[in-house]
Structures are given as structure tokens and as C-alpha cells.
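With the first letter of the sequence shown counted as 1, position 375 gets the number 375 in my numbering; the numbers rise by one all the way through. From the three backbone atoms N, C-alpha and C, an ideal C-beta is built for every residue, glycine too. Here the structure is a predicted model, which is why all the values come from computation and not from measurement. Step one of this worksheet: look at the structure below.
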Amino acid sequence: MKELTVTIKRFDPDTDKEPYFKTCTVKVNDGARVLNVLHAIHDTIDPTLSYRYSCASGQCGSCAVLVNGEPVLACMHEATDNMTVEPLNLPVKKDLITDLVPRLSEMAHLMPKDKPVVPAKEDIDAIKPLRDCIECLACVSVCPAVDVTKFLGPTAMRQEMRLALDPRDSGDRIADAVRDGLFTCTTCQDCWKVCPKDIEIPRKAIEKLRSLANKRGFTFPRHLEVAAMVKATGRSVSRDKPTFLEQVGDVIEPYGPVKATVGFFVGCMYNNRLPQTALDAMEVLKRNGIRVVIPHDQVCCGSPLIGTGQISFIDELKKKNIEVFRSQGIDTVLTMCAGCGTRLKNDYPEDKPFTVIDINELLTKYGIEPPAKLPIKATYHDPCHLLRGQGVKDEPRELIRQVVDLVEMPSYCCGSGGGVKSGIPDEAAALAKKRDAEIKKTGADIVISSCPFCEFHIASGTDKPVKNITTVLLEGYREKDRKEGKK
Ligand code: SF4
Ligand code: SF4
1 MKELTVTIKR
11 FDPDTDKEPY
21 FKTCTVKVND
31 GARVLNVLHA
41 IHDTIDPTLS
51 YRYSCASGQC
61 GSCAVLVNGE
71 PVLACMHEAT
81 DNMTVEPLNL
91 PVKKDLITDL
101 VPRLSEMAHL
111 MPKDKPVVPA
121 KEDIDAIKPL
131 RDCIECLACV
141 SVCPAVDVTK
151 FLGPTAMRQE
161 MRLALDPRDS
171 GDRIADAVRD
181 GLFTCTTCQD
191 CWKVCPKDIE
201 IPRKAIEKLR
211 SLANKRGFTF
221 PRHLEVAAMV
231 KATGRSVSRD
241 KPTFLEQVGD
251 VIEPYGPVKA
261 TVGFFVGCMY
271 NNRLPQTALD
281 AMEVLKRNGI
291 RVVIPHDQVC
301 CGSPLIGTGQ
311 ISFIDELKKK
321 NIEVFRSQGI
331 DTVLTMCAGC
341 GTRLKNDYPE
351 DKPFTVIDIN
361 ELLTKYGIEP
371 PAKLPIKATY
381 HDPCHLLRGQ
391 GVKDEPRELI
401 RQVVDLVEMP
411 SYCCGSGGGV
421 KSGIPDEAAA
431 LAKKRDAEIK
441 KTGADIVISS
451 CPFCEFHIAS
461 GTDKPVKNIT
471 TVLLEGYREK
481 DRKEGKK
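Rendered as C-alpha cells:
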């Protein structure tokens with residue numbers, strides 16, 4: 001047996017004006033799950049505590065709650081000392097019980113065809129990755145698009161895709177998905193990461209529905225323009241100044257001994273819109289022993305096209321990029337754009353002739369020369385496609401703490417991804433506003449991130465300076481040089 005202290009968010013609409021937190025200590029068996037702790041509190045301390053459960057074995061989804069801010073199934077998640085348990089971010093009926101009915105009642109149901117159809121094995125195999133939903137609504141509770149639009153939510157899209165693949169169904173699932181907010185998804189991937197059944201909704205449902213919607217002519221005109229630009233120029237954004245690739249040679253040698261050689265994939269935003277940020281990154285790599293090879297005929301990775309369902313010439317882009325790095329014998333491709341990094345790692349063929357590494361991973365792998373510590377308080381915005389797309393969480397923080405004081409804010413999508421910034425600017429602006437509110441709560445002087453889309457978008461919604469991680473490191477090196485009288 002062990003003793004655990006637990007804080008639970010309580011709210012009874014009949015008696016309480018506001019939710020409040022109540023802390024108590026209970027004895028439970030070693031290895032107890034959160035649900036066991038709730039039972040113990042209910043049975044020995046407070047019989048008024050309300051929570052929902054049924055199967056207690058991870059199969060029904062009814063006991064989903066937030067533990068330390070993360071959605072989990074209470075019956076499956078191990079209880080820890082000092083944990084905080086709250087209801088999911090959905091309308092609360094009492095204490096930990098949320099109202100699931102409105103969301104679940106909106107979900108599409110199979111509409112049988114006039115004549116019976118028996119699904120083939122291929123149909124069943126295609127549906128399989130989408131059919132395991134236990135309707136816990138953890139995905140809905142974290143979805144940023146649900147927060148600021150009328151989007152029906154990730155599991156509703158999962159259901160539309162599942163029905164679109166089912167030969168027994170007679171509904172027009174593509175038109176329904178578009179009507180229900182298909183293009184509001186920012187592809188932040190939070191729904192997948194919290195799903196207890198590991199259903200990869202962004203890629204297996206939303207991007208697939210978007211590509212089917214593209215074939216039906218539902219793609220937004222602004223997204224069609226982006227695809228036309230990639231087709232014509234190889235880049236997804238326009239340029240108004242010399243690009244990064246125009247300003248650098250084929251190889252950038254480090255100042256000191258070579259620790260590693262990488263090929264650099266710059267991405268459209270850093271190449272065309274924010275070339276100085278990429279140049280800052282090169283300077284940081286030079287100081288830290290990284291030799292950088294830069295193939296100049298690289299093109300857009302295809303991310304803006306995959307994210308909006310425009311995949312008709314995506315294989316040409318992949319082939320071209322793979323060939324330009326392969327032909328130079330590069331076995332490690334470096335990215336500093338979170339979007340490019342996640343696409344190259346996860347959407348390019350598994351047998352590509354190189355591995356892909358994000359710049360935060362590279363710099364922490366080989367270690368950096370310590371910069372001067374700047375008298376600045378900074379907060380860090382996790383790019384969705386770095387945190388959830390690539391699993392890179394600790395490395396940026398390790399680098400940032402070497403140069404400034406870091407004050408954390410919750411990880412949350414800024415609204416720039418999935419074609420939302422260009423396609424639904426009101427939604428993107430609403431999410432940037434939410435981000436700004438969190439930034440202000442931290443009291444930070446600056447915001448640091450590691451993705452050009454996030455940096456560009458957050459800067460449009462806050463009055464704080466927004467900087468790339470490598471720019472801040474470079475400022476630390478310049479301050480160090482100044483103190484040492486070098487420059
Ligand atoms: S990827 Fe993000 S925005 Fe899209 S449905 Fe999932 S949680 Fe919502
Ligand atoms: S998709 Fe996953 S997270 Fe969403 S309701 Fe279904 S089981 Fe829960």
C-alpha cells in the first residue's frame with residue numbers, strides 16, 4: 001500500500017458558483033490506476049465525488065479525464081503522488097463528469113444502400129485503422145479548431161472517412177466532412193497523440209478526406225494558388241528579396257574542427273521569406289563544428305500540398321528532393337523548419353537514402369559552445385510539427401536555457417498549419433490571440449520558436465518579439481564575443 005495526495009477539480013452546478021480544487025490523501029495499492037484512487041476517495045473520504053466509469057479496462061472510453069493537464073483513461077493511467085485530476089475540456093455536468101451527448105449525437109451513422117452490399121477484405125482492411133474509436137472524446141477536448149470554430153471535431157472526421165471507405169454506405173461523406181469543418185483542422189496532431197486507441201486521425205482521416213475533397217473541387221481557391229505556385233516555381237511562398245539559396249555557396253565550412261557533415265534542406269519559408277533566420281542558423285552551425293552542404297536545386301518538400309489534400313504531383317517533389325541529396329552522397333539531411341522536418345521524416349519513403357535530423361536534435365547531439373547568458377526572460381512555443389510530428393521536446397529547451405531564462409507556457413497550436421492561415425484567416429487569428437494570452441501570462445520579454453510558420457504567425461498576433469532559437473543563440477555568441485573584446 002502507499003499514500004497518494006491528489007487534487008481534484010470539483011463543481012456542482014446546483015450548489016457551486018465556480019469550480020474549485022480540493023486536495024486529499026488516500027491509501028491505495030502499489031500500481032493503482034487513477035480510477036482506483038477516485039474509488040478510494042469516493043468510498044473513504046467523500047461520497048459526493050462524481051466521476052464516470054464502466055468497463056474499467058480501457059474498452060469503453062467513459063472514464064476519460066485530464067491528469068496533470070493531459071487527457072487519459074482513468075482506468076489505464078497509473079496514479080502518481082501530487083497529481084491533479086480535472087474533467088476533459090468539455091461542458092461539465094458535475095465534478096469529473098462531462099456531457100458527451102451533444103458531440104456524440106452529431107456523429108454520422110451508416111446509411112445503408114437500397115441493395116445489401118458485402119464489404120470485400122480490402123474494404124475491411126482499409127477501414128480497420130479508423131474503426132477502433134471508443135468515443136472517449138479526448139481528441140475533441142484538445143482540438144484547437146473545435147475551440148474557435150464550429151468544427152464537429154476529429155472523431156467526427158474519423159467517422160466520415162470510415163464511412164467514405166465503407167461500400168455499404170450511401171451517404172456523401174466528402175461533402176458532409178467539408179460542411180462539418182474539414183478545412184478548419186490545423187494538422188496539429190494533438191488528437192492523435194491523446195487518443196487511447198492510437199488512431200492517426202490527421203493523416204489517416206483528415207488528409208485523406210481533403211485529397212478526396214480536392215478531386216471533387218472543394219479545395220479553397222487560395223490553396224489552389226499555392227499548388228499552382230509550387231508547380232510553376234518549386235516554392236510555396238513568394239519572394240521579395242534575395243533568397244537564402246542565392247546568398248550561400250554549395251558548402252559552408254565550420255570555423256574549427258569538423259564534428260559532422262550534413263546536407264541542409266532550407267524549406268520555402270526560410271528560403272523565400274525569412275532568409276536571415278536561416279543565415280543565423282548557418283553561423284551557429286559554423287561555430288559548433290558542423291559542415292553544411294547545400295544542394296541548390298532542392299524544392300518545396302510538399303507539406304503545404306499534402307496538408308491541403310493536393311497530392312497529384314507530390315511524388316515528383318519527393319523524387320526531386322531525394323535525388324538532389326542522394327547525388328551529393330549526403331546521408332544526413334538537416335531541417336530547421338518543423339513542417340519540412342516532419343514531412344521528410346514521416347511522409348517521404350522509408351527507404352530514402354538519408355536520415356533526417358532537426359537542428360535542435362543536431363545541436364544537442366554534438367553539444368554547443370556555451371553562449372553568453374542574455375538578461376532576457378523568454379517563453380518557448382512548441383511547434384506542433386516539432387513536438388508531436390517529430391517528438392522533439394527537450395532539445396530546444398536545453399539550448400534555450402543556455403542563453404536566456406525560460407518560462408514555460410502550455411503547448412498549444414498557434415493556428416498557422418494545415419492551410420488554415422491562408423484558407424481561414426479568422427480562425428488562424430483567433431488561435432494566435434489565444435497564444436498571445438498565454439504569452440502575456442508568462443511575463444516573458446520575447447517568444448522563441450523553431451518553425452518559420454509559427455514564428456511568422458505568432459508575430460502577427462503579439463507585441464512581443466518572436467525569434468528563432470538559432471537567432472537567440474547567435475545573439476548569445478555575439479554578446480560573448482563583445483565581452484571577450486573579439487568584435
Ligand atoms: S490535428 Fe489538431 S486541429 Fe486537426 S483535428 Fe486533430 S486536434 Fe483538431
Ligand atoms: S478517436 Fe480516439 S480520442 Fe477520439 S473519441 Fe475515439 S478513441 Fe477517443
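Worksheet item: Under the three-state reduction of DSSP, which class applies to Tyr366: helix, strand or coil?
Response: helix
For ligand 2, is there any heavy atom lying closer than 7 Å to the beta carbon of Thr379? no
| query | Using the beta-carbon count (16 or more within 10 Å), is Cys384 buried or exposed? | reply | buried
Handout entry: Touching by the beta-carbon criterion (3+ pairs, under 8 Å), the region 417 to 424 and the region 222 to 233
Key = yes
Handout entry: Proximal residues to Gly153 (C-beta, below 6 Å), its chain only, five neighbours per side dropped
Key = Val140, Cys143, Val146
query = When DSSP builds the beta bridges, which residues end up paired with Val447?
reply = Thr379, Val466
Quiz item: What is the rounded straight-line gap between the Cα of Thr470 and the Cα of Cys300?
Solution: 22 Å
Cβ pair count under 8 Å reaching 3, the region 401 to 410 against the region 365 to 385
yes
Item checked: Whole-Å CB distance - Cys451 paired with Gly339, under 8 Å assumed -> 7 Å
* To do: State yes or no: is the C-beta of Ala32 within less than 8 Å of the C-beta of Ala79?
  => yes
| field | Short Cβ contact (8 Å threshold) for Leu66 with Leu88 | value | yes
Open item on the list: I'd like the ranges of any alpha helix (DSSP H) spanning at least 4 consecutive residues and lying wholly in the region 221 to 264.
Closed with: 221 to 233, 244 to 247
Discussion item. Could you check whether the region 318 to 335 touches the region 257 to 267, counting it as contact only if at least three pairs of C-beta atoms, one from each stretch, sit closer than 8 Å?
Written reply: yes
Taking the continuous beta strand (DSSP E) assigned at Thr355, which residues delimit it? 355 to 358
**Study point:** Nearest residue (CA-CA) to Val26, options Ile41, Asp123, Ser303
**Key:** Ile41
message: If I measure Cβ to Cβ from Ile252 and keep anything under 6 Å in the same chain, skipping five residues before and after, which residues do I get?
response: Met282, Val292
| said: Tell me the rounded alpha-carbon separation between His296 and Leu245. | reply: 6 Å
Does the Cβ of Val142 lie closer than 7 Å to at least one heavy atom of ligand 1?
-> yes
Return the bridge partner residues of Tyr20 from the DSSP annotation. Arg10
(Q) Count Cβ pairs between the region 340 to 347 and the region 476 to 487 that sit closer than 8 Å; are there 3 or more? (A) no
key: Cα-Cα separation between Glu122 and Arg173, rounded to whole angstroms   = 19 Å
Task: Residue interval of the alpha helix (DSSP H) (run including Glu283) - done: 275 to 287
Open item on the list: Does the structure place the region 193 to 202 close enough to the region 148 to 166 that three or more beta carbon pairs sit under 8 Å?
Closed with: yes
**Study point:** Cβ-Cβ distance between Cys491 and Ile458 below 8 Å
**Key:** Residue numbering for the chain in the displayed model covers 1 to 487; residue 491 lies beyond these limits and cannot be assessed.
- request: Quickly, what does DSSP pair Leu406 with across the bridge? List them, please.
  value: Ala378
Q. Do you know how far the Cα of Pro375 is from the Cα of Thr261?
A. 33 Å
Q.
What would DSSP say about Pro102, mapped onto helix, strand or coil?
A. helix
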